[in-house]
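Chemist: Numbering (the working numbering), first residue to last: 2 to 191.
C-beta atoms are modelled at their ideal positions from N, C-alpha and C, and glycine is treated no differently.
There's a structure below that I have some questions on.
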Amino acid sequence: MKKLNIVLFGPPGAGKGTQSTFLIEHYGLVHLSTGDLLRAEIKEETELGLQAKELMDVGQLVPDAVVIGMIRNKIEANLDAKGFIFDGFPRTKAQAEALDAMLNEKLEPIVAMLALEVPEEELVKRLLGRGATSGRADDQDEAVIRNRIREYESKTAPLKDYYGAQGKYKAVEGVGTIAEITARLVKAIG
Ligand code: B4P
2 MKKLNIVLFG PPGAGKGTQS TFLIEHYGLV HLSTGDLLRA EIKEETELGL
52 QAKELMDVGQ LVPDAVVIGM IRNKIEANLD AKGFIFDGFP RTKAQAEALD
102 AMLNEKLEPI VAMLALEVPE EELVKRLLGR GATSGRADDQ DEAVIRNRIR
152 EYESKTAPLK DYYGAQGKYK AVEGVGTIAE ITARLVKAIG
């Protein structure tokens, strides 16, 4: 059976992590979130985690080589998966090219890049809301949140063109109830 490899895309706070939970269950996919992988390294106080924390706390991306290495390990550990949902990865063109190369070598290509679209003020509101309860340093300071959004616009948003050129980019309205958005994503996957 053809594997369902999906990129879930969008600015910080767009609902990638939230929607992944539903899509994993619905399609039986393996969830690969670079944000979660980095936070696990921080929790274990590894050297990689300590370096990543400094960048994440001010809203910057961590180096491509770090996240590409983490994703490679996870793909290799799950080669028999029905498919993968890539959440928060790729975030730069170098990461997207590395992902395509890995999938071509080991698995099957990305089927679709689903881009959740949410206005900036709603993103800031959601992330400050999460920051009030989650303890995540990067969700507690509005300046850091806006810096993450600027990083997204300059380094990550151009990937819409990268996947668009492959005919895989699909925009999905990211405002509404969580269930409404899940239904839009399922429809976009087809
Ligand atoms: P991530 O962990 O990927 O986090 P995120 O983009 O901030 O959030 P996400 O998109 O998953 O959250 P969600 O909208 O679900 O990245 C954190 C940091 O790690 C980055 O800044 C960077 O430093 C580093 N990093 C990660 N990957 C990297 C990579 N590939 N390369 C380099 N650096 C990398 O949820 C947000 C909030 O909105 C939640 O509170 C949720 O409850 C709420 N929400 C969700 N859907 C909603 C809805 N429909 N209505 C109202 N609220 C909603």
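1) So, using beta-carbon positions, are Y164 and M114 closer together than 7 Å?
2) Given a cut-off of 7 Å on the beta-carbon distance, is the pair I76 and S21 in contact?
3) Hey, is K17 close to ligand 2, as in C-beta under 6 Å from one of its heavy atoms?
4) Anyone know if the C-beta pair for F90 and I72 falls short of 7 Å?
5) Put E174 into one of helix, strand or coil per three-state DSSP.
6) Cβ-heavy atom distance between R131 and ligand 1 below 6 Å?
7) Quick one: grab the DSSP three-state call for A97.
8) Return the Cβ separation of P13 and L129 in integer angstroms, given the expectation that the two are a contact with Cβ distance under 8 Å.
9) Quick one: is T93 buried, meaning 16 or more other Cβ sit within 10 Å of its Cβ, or exposed?
Modeler: This is what the structure gives:
1) yes
2) no
3) This structure simply doesn't include ligand 2; it includes ligand 1 instead.
4) yes
5) strand
6) yes
7) helix
8) P13 to L129, Cβ: 12 Å. No contact.
9) buried
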